[in-house]
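Presented below is the structure to which this report refers.
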Amino acid sequence: MDYGGSRTVSGRSEEYVVNHSAMAALGFSSPEEAVGQPLEIRHGSLGYIDRGVIAGVTDDYNYTGVYEQNIPLVMMHRNLFQFVLMVRLDSGRMEEASGALDEIWKEVYPDRESDFVLLSGIFHDQYRNEYNARNIMMIFTALCLIVTMLGLIVFMDFIIRCRTREIAIRKVNGASAFDIAWILNINFIRYIAIAFIAAAPVSWLILHTWLQRFAYKAGPDWWLFAGAGVLVLLLSLLSVSLQSWHAASLSPAGSMRK
2 MDYGGSRTVS GRSEEYVVNH SAMAALGFSS PEEAVGQPLE IRHGSLGYID
52 RGVIAGVTDD YNYTGVYEQN IPLVMMHRNL FQFVLMVRLD SGRMEEASGA
102 LDEIWKEVYP DRESDFVLLS GIFHDQYRNE YNARNIMMIF TALCLIVTML
152 GLIVFMDFII RCRTREIAIR KVNGASAFDI AWILNINFIR YIAIAFIAAA
202 PVSWLILHTW LQRFAYKAGP DWWLFAGAGV LVLLLSLLSV SLQSWHAASL
252 SPAGSMRK
């Protein structure tokens, strides 16, 4: 099929490397069957060399982004791409490597200015929305944790003030500071457990829905939710335990006079 209308064909032949998806789309069942078979290119500006031979078959790899599945790929060597190359650099010597590349480029192509772009920068631009969403989520998560910790501290202070006489009576009857601190903290542990049970399914649903945007599906791991629950529990206990331990260590006589 010709997509470009009138075109000029050079009559030359070339070699192609295709991926497994393209091999299957062309009707071949194995690389051995595909290699050596003729292939015609009839796609507008690319069709000026309209015939060639399949020289190799490579595994599928994603080159368009994680939003799309692997698609058929035909790799060819054309003059159109003679100024394009990919070089793997040592991350610890990036400045030195960039300078060496510029010097070599000026020697080979003195009339053409080099324009090197880091692949990491291309990926960062491609997934800019995801990076921004991650940063926003981290900021709001930190703010929520701070507000929650402050709320727990204020709430625990209120509970201790309301139960000052109860704490003193328990100490007079032989309760240790650890027992008092445990009694004060156990209710918070229950509340945190209830909140976790309610929040975990909702969080899983939101995360699962977000992951469906990508072509390569990956389900949320259970340990993410378990780790988040344990972290929140530890931070919450740290926020209230100091207050409860201080209240449990006060003299019963002084507490009764309050």
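2 is the number of the first residue of the sequence shown in our numbering; add one for each residue after it. Note that the Cβ used here is the ideal one computed from N, Cα and C, for glycine as well. If you're wondering where the values come from, they're calculated on a predicted model, not measured in any experiment.
Range covered by the alpha helix (DSSP H) that runs through residue i
{"i": "Glu96", "result": "95-109"}
{"i": "Ile151", "result": "Checking the displayed sequence, the identity of residue 151 turns out to be Leu instead of Ile. Per DSSP, Leu151 belongs to the alpha helix (DSSP H) from 129-163."}
{"i": "Asn186", "result": "178-212"}
{"i": "Gly28", "result": "Unbroken run through Gly28: none, as it is neither H nor E."}
{"i": "Ser240", "result": "223-249"}
Bridge-paired residues (DSSP) for residue i
{"i": "Ile55", "result": "Tyr17"}
{"i": "Val75", "result": "Val19"}
{"i": "Leu1", "result": "For residue 1 there is no data in the structure shown, the boundaries of the chain being 2 and 259."}
Residue from the options with nearest C-alpha to residue i
{"i": "Ala1", "options": "Ala227, Leu238, Met157, Leu208", "result": "It is not possible to answer for residue 1, since the shown part of the chain is limited to 2 through 259."}
{"i": "Trp224", "options": "Ala201, Leu236, Thr210", "result": "Ala201"}
{"i": "Val233", "options": "Cys145, Val58, Ser115", "result": "Cys145"}
{"i": "Ala248", "options": "Ala176, Phe197, Ile193, Leu206", "result": "Ala176"}
{"i": "Pro111", "options": "Gly122, Asn71, Phe84, Ile42", "result": "Phe84"}
{"i": "Ser115", "options": "Pro39, Glu104, Phe124", "result": "Glu104"}
{"i": "Ile154", "options": "Arg52, Ser242, Met24", "result": "Ser242"}
{"i": "Gly100", "options": "Leu86, Gln213, Phe117, Met87", "result": "Phe117"}
{"i": "Ile33", "options": "Pro39, Asp51, Val58", "result": "The sequence shown places Glu at residue 33, rather than the Ile named in the question. Ranking Pro39, Asp51, Val58 by Cα distance to Glu33 puts Val58 first."}
{"i": "Tyr128", "options": "Ala98, Gly93, Phe179, Gly66", "result": "Gly66"}
Integer-rounded CB distance, given that residue j should sit under 8 Å from residue i
{"i": "Ser245", "j": "Asn186", "result": "6 Å"}
{"i": "Val75", "j": "Val19", "result": "5 Å"}
{"i": "Tyr17", "j": "Ile72", "result": "Between Ile72 and Tyr17 the Cβ distance is about 16 Å, and since that is not below 8 Å, they are no contact."}
{"i": "Ala216", "j": "Tyr68", "result": "6 Å"}
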